[in-house]
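**Student:** Per my numbering, the sequence shown starts with residue 9, numbered consecutively.
For each residue, glycine too, the CB sits at the ideal point set by N, CA and C.
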Amino acid sequence: MISKVMEEALNKQLNRELFSSYLYLSMATFFDSNSFVGMAQWMKLQAEEEHIHSMKFFDFIQKIGGRVILEQIDKPQLDWDSAQQAFEDALAHEEYITKHINELTDLAIAERDHSTKTFLQWYVDEQVEEEATANEIVQKFKLIGDSKSGLYMLDRELGARILTPDTAVK
Ligand code: OFO
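1) Pick helix, strand or coil for Glu15, following the three-state DSSP scheme.
2) Rounded to the nearest angstrom, what separates Glu15 and Asp97 at their Cα positions?
3) Which residues mark the beginning and the end of the alpha helix (DSSP H) in which Ser155 is found?
4) Quick one, which of Ile72, Thr172, Ser28, Phe39 has its alpha-carbon nearest Ala55's?
5) Three-state secondary structure (DSSP) at Asn42?
6) The ligand OFO heavy atoms versus the CB of His108: any closer than 6 Å?
7) Between the alpha carbons of Gln92 and Ser34, how many angstroms are there, rounded?
8) At which residues does the alpha helix (DSSP H) containing Ile105 begin and terminate?
9) Considering only residues of the same chain and omitting the five flanking positions on each side of Asp163, which have a CB-CB separation below 6 Å?
10) Measuring alpha carbon to alpha carbon, tell me which residue in Ser11, Leu26, Tyr30, Ile69 is nearest Phe127.
11) What would DSSP say about Trp50, mapped onto helix, strand or coil?
12) So is the beta-carbon of Ser7 under 6 Å away from any non-hydrogen atom of the ligand OFO?
13) Can you find the residues in the same chain that come closer than 6 Å, C-beta to C-beta, to Lys178, ignoring five residues on each side of it along the sequence?
14) Considering Cα atoms alone, identify which of Val132, His59, Ser123 is closest to Glu111.
15) The ligand OFO and Ile105: does any heavy atom of the ligand fall closer than 6 Å to the residue's C-beta?
16) With 16 other CB atoms within 10 Å as the buried threshold, where does Tyr32 fall?
So, in structure tokens, the structure goes:
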């Protein structure tokens, strides 16, 4: 059985994961409308991944006897000053998510809720990857600077991303 406070906190995180999916979908449309087809594809896959993250919360809350409460999803930003800025915001967003995953883990410990703590460990590990990936891309933008050919190459590289079976089952 789950405590009310834990149930509410997990529902809030479910909403954040849904917003993450929405935000990255919005970034995908921004890239699409600026002819960065590879980056748009990368963000579409990222949005799918976030949807998987949200469904893991959805299933877990139900499984431990809680009730999923779906709240309104905030409207995401529509435009960015540059492709680099969008990825910098993606990195900042992942840092924000990490902070909340850590707070949730602290709460699970305080509540002596071992099953939720174990469930959250997957997200603790995943956030290390999420931040590292976003940061790596931001560093590449910095390296490229104003080079149009560099930007073209990066767009191609990011467009080669695929949703791995590993990601899909997580
Ligand atoms: Fe991008 O991370 Fe979800 O959890």
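**Tutor:** By the coordinates alone:
1) helix
2) 29 Å
3) No alpha helix (DSSP H) holds Ser155; DSSP gives it neither H nor E.
4) Ser28
5) coil
6) no
7) 15 Å
8) 91 to 118
9) Phe44, Gly46, Met47
10) Ile69
11) helix
12) Because the chain in this structure spans residues 9 to 178, residue 7 falls outside the shown range and cannot be described.
13) For Lys178, the predicted structure reports a pLDDT of 38, less than 50, and the residue's modelled location is therefore unreliable. A value from the coordinates is still provided. For Lys178, where only same-chain residues beyond five positions count, there are no Cβ hits under 6 Å.
14) Val132
15) yes
16) buried
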